[in-house]
Every structure is written in structure tokens, then in C-alpha cells.
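Count along the sequence shown from 1, then add 439; that gives the number in our numbering.
Positions of the beta carbon are idealized from the N, C-alpha and C atoms, including for glycine.
A quick note: this is a predicted structure, and the numbers were derived from the prediction, not measured.
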Amino acid sequence: MQNIKPPHNGRTLRNCFYSPGEWCSLQDFCMKLYRHSDSNDVLLLLMNIKHKLEYTILRSTIFFINLLPVPVILFLCSAVGYVAWVVFPFRIKVAYKNLSTVFPEMDHPAKIRLLRRVYLQFTRTFGLVFILHRKSLTRLVKNARITGREKLDHALGQGKGVILTTIHASWFEAYFAWFNLTGLPTSLIYKKQSNPLSDEFFVRQRRHFGSSLEQLSSYEGMTVYQEALAKNRLLIVSLDQSYTGTGTSVKFFNQPLACAKGSALLHLRSGAPVMTSVYYMQDGELHIDFDTVDLPEYSAINEENINDISTRCIQLYEPFVRQHPEQWFSLFHRLWSKTGYTRVKRSLRQIFF
């Protein structure tokens, strides 16, 4: 039986069960912890241990990545993506079905070839997220090719703020960094991670590039978001993620999708203009494109108008997804359905070649 020595710092464990320096078996220690603690306390303790372990792994991975030059990082991340594609293609059922929705005309071999590129792109981007502060990548963001900046400035000139919609693409951290580097007053609605340590780490990471990007939790509510617009800020809202599970049903690639209602409700309540934004890598350069969403005048806040605004907004993203499917991060999300995903057949030739 393995023996452990209860820690001396930590009031509950030190004083409740054993004398200082006393040894006990692991089984005995766990049983006494369970008997003397409320079940919620035990669960909280286990969750804290889990969060700290995950955070330690995250920071260790980042530390290791930052020891390497960029070409080596790209090579290793590509290798990880290739191994994942061959051995454990995570969520391949979801990604394959989503590709079938986006490209109904594409045959099976073509979808398999595209999926292979998707996995390699995903892992490469994952590695670069952690080294975005390096000079070469910061320069990439600073020199991003921007389309529609004049439309963005014109919308801000109305003084009502701007509801800046987007969808979840691979280079989202570079996209956020651009707003900090340019100093544009921006508020981002984001979903907090379940691990508070990791969540705070990524919040700090984004502040590395400046302080103009304000991060608002998706749980904060409409009043907070309206206040951001009242301060004439850009408010970034992701349309392909409905955080509350109460999205309005819209047609996206001719299939019903639960689209977040926030952008539509905010427009109806505040009159703030609505815009689209996409971000992607092309020919070694970061591109960020802005455009306006043409909306009619609405006289009431009701489900019909919410649905109309949401439909007009999200359907504008269909050409981007078809043009850059490997950079669409939500390809791995269960967007259109939570069930009905079948096994994806891959021959050895399709896997390796």
C-alpha cells in the first residue's frame, strides 16, 4: 500500500485527521477525508486539484513551445496533426457531417482530403496561439490586410456603437490582438472556460497587446452589452455559438441552426448598426474583412424580427466558410444536430495519401 504524508500547510488536512509528521495509507487518508467532509467539499477539492493539474499541463506545454523557433513549432504541430489524423481523428464524425452540409455536392474522397487539411491547419494554429507575442507574429498582426475599415469607422461615427458579428475561425486570437494593437474601443463577448485558472491566463494573454479590448462574459447579460454600445464601442458577437441554448432557428446552408439572438436584440433595442467580420490567413498574410449588414427599419421587438436579423447576418458568412473551410473552427462543433453522427469510413490510401 502506498503511503502519503499529509501536508502541513492546509488547515483541514493538517489538523482534522493526523498529528504533524504522522504517516498514513492513501486509502485511509481518502476514507477519513470523505467521512469528515461534506460531499460538496470533497467535490470542490477534487475540482480544484483537476483545475490545477490542467493548468500545470497548459503552462508546461506553453513553456516548452516557447523554447523553440517558429519553424520547429510549425513542424511539430503539423506532426501532431498528422498523428491525430491517422490514429485518433477527434470529432471526425462531426466535422465530416458539417462538411457534408456545407458542401452537399462534394464526394466522399474529396471530403476526406479536405478533412486531412483541416486537422493539420487546426494543430498548426493551436501552436501559434501560444507564441503570438513573438515579434514575427506580432508584426503579422500589425501588418494585417484590412478590408472595409472605412465602413467600420463610418459606423462608429454614428455614436451608437457597432454590433460586430463574426464566426469562430482558427485565427481568433490574432483577430482579438488586432483590436488591442489598433486601439479601437472594443468589447468582446466570450464564454468563460470551465477552468478558472486557464480562463484568467488567456484573459491576461490578450492584454499583452493592449487594453482597448474589454472582455465580457457571456453570462453578464444584455444590460452590460447595451452599456458597451452606449459608450460607442465595438461589440464582438459570435453568431455560430449560442451560449444560452435559446437561439433562434435560422437557415444556415439550408439547414436549421440555433443562432444566438444577442446581435438582433441589441440592434432592436439600441439601433446600433450591425456589421460582419471575418479573419483568415492567405498567402502568408492575415486578412480581416469588415462589411455592413443592410437591414430594414423594424417597428417592434419580436421573434419574427429577431429571426429576420439573425438570418440576414449569418447567411452572409456562407461564402467565407465555403472559401476557407479548413480555417472554420466551428467545423468541429455540433452546430446543426446533437445526434445522428455516423462512422466515417477511411481507406489506408485515404488516410496516408
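Where residue i sits in the DSSP three-state scheme
{"i": "residue 521", "result": "helix"}
{"i": "residue 584", "result": "strand"}
{"i": "residue 763", "result": "coil"}
{"i": "residue 501", "result": "helix"}
{"i": "residue 697", "result": "strand"}
{"i": "residue 739", "result": "coil"}
{"i": "residue 705", "result": "helix"}
{"i": "residue 711", "result": "coil"}
{"i": "residue 457", "result": "Any reading at residue 457 must be qualified, since the residue scores a pLDDT of 47, below 50, and its modelled position is unreliable; no value is offered."}
{"i": "residue 777", "result": "coil"}
{"i": "residue 749", "result": "helix"}
{"i": "residue 506", "result": "coil"}
{"i": "residue 772", "result": "coil"}
{"i": "residue 655", "result": "strand"}
Exposed unless 16 or more other CB atoms sit within 10 angstroms - verdict on residue i
{"i": "residue 790", "result": "exposed"}
{"i": "residue 777", "result": "exposed"}
{"i": "residue 586", "result": "exposed"}
{"i": "residue 706", "result": "buried"}
{"i": "residue 600", "result": "buried"}
{"i": "residue 502", "result": "exposed"}
{"i": "residue 725", "result": "buried"}
{"i": "residue 764", "result": "buried"}
{"i": "residue 546", "result": "exposed"}
{"i": "residue 527", "result": "exposed"}
{"i": "residue 496", "result": "exposed"}
{"i": "residue 615", "result": "buried"}
{"i": "residue 563", "result": "buried"}
{"i": "residue 560", "result": "buried"}
{"i": "residue 622", "result": "exposed"}
{"i": "residue 760", "result": "buried"}
{"i": "residue 662", "result": "exposed"}
{"i": "residue 717", "result": "buried"}
{"i": "residue 506", "result": "exposed"}
Straight-line Cα distance separating residue j from residue i
{"i": "residue 640", "j": "residue 771", "result": "24 Å"}
{"i": "residue 575", "j": "residue 742", "result": "47 Å"}
{"i": "residue 558", "j": "residue 519", "result": "9 Å"}
{"i": "residue 626", "j": "residue 656", "result": "10 Å"}
{"i": "residue 449", "j": "residue 485", "result": "Note that residue 449 has pLDDT 46, beneath the 50 cutoff, so the model's placement of it is unreliable and the number below is only indicative. Straight-line Cα distance between these residues: approximately 15 Å."}
{"i": "residue 647", "j": "residue 572", "result": "8 Å"}
{"i": "residue 670", "j": "residue 650", "result": "16 Å"}
{"i": "residue 499", "j": "residue 766", "result": "27 Å"}
{"i": "residue 595", "j": "residue 719", "result": "24 Å"}
{"i": "residue 592", "j": "residue 512", "result": "37 Å"}
{"i": "residue 668", "j": "residue 597", "result": "11 Å"}
{"i": "residue 756", "j": "residue 689", "result": "13 Å"}
{"i": "residue 787", "j": "residue 517", "result": "20 Å"}
{"i": "residue 618", "j": "residue 654", "result": "12 Å"}
{"i": "residue 762", "j": "residue 488", "result": "43 Å"}
Nearest neighbour of residue i, chosen from the options [CA to CA]
{"i": "residue 734", "options": "713, 781 and 717", "result": "713"}
{"i": "residue 584", "options": "767, 788 and 723", "result": "723"}
{"i": "residue 611", "options": "496, 499, 505 and 676", "result": "676"}
{"i": "residue 686", "options": "511, 703, 490 and 693", "result": "703"}
{"i": "residue 732", "options": "582, 597, 748 and 718", "result": "748"}
{"i": "residue 552", "options": "781, 624, 613 and 538", "result": "538"}
{"i": "residue 664", "options": "494, 534 and 629", "result": "629"}
{"i": "residue 658", "options": "678, 561, 701 and 491", "result": "701"}
{"i": "residue 634", "options": "792, 788 and 483", "result": "483"}
{"i": "residue 590", "options": "774, 727 and 768", "result": "727"}
{"i": "residue 541", "options": "753, 691 and 786", "result": "691"}
{"i": "residue 491", "options": "756, 738, 637 and 645", "result": "637"}
{"i": "residue 775", "options": "544, 511 and 535", "result": "535"}
{"i": "residue 696", "options": "717, 752, 719 and 667", "result": "752"}
{"i": "residue 699", "options": "750, 716, 786 and 529", "result": "750"}
{"i": "residue 643", "options": "593, 792, 608 and 569", "result": "569"}
{"i": "residue 780", "options": "489, 533 and 493", "result": "533"}
Closer than 7 Å: residue i CB and nearest the ligand NAP heavy atom
{"i": "residue 766", "result": "By its list of ligands, the structure shown contains no ligand whatsoever, and the ligand NAP lies outside what it can speak to."}
Residue i at chain C interface by Cβ criterion, 8 Å
{"i": "residue 748", "result": "Although the question refers to chain C, the structure presented lacks it and comprises just one protein chain."}
Return the chain-ordered ranges of every beta strand (DSSP E) run that is complete within the segment 571-647 and spans a minimum of 3 residues. Within the segment 571-647, the complete beta strand (DSSP E) segments at least 3 residues long are 584-586, 601-605 and 625-629, listed from N- to C-terminus.
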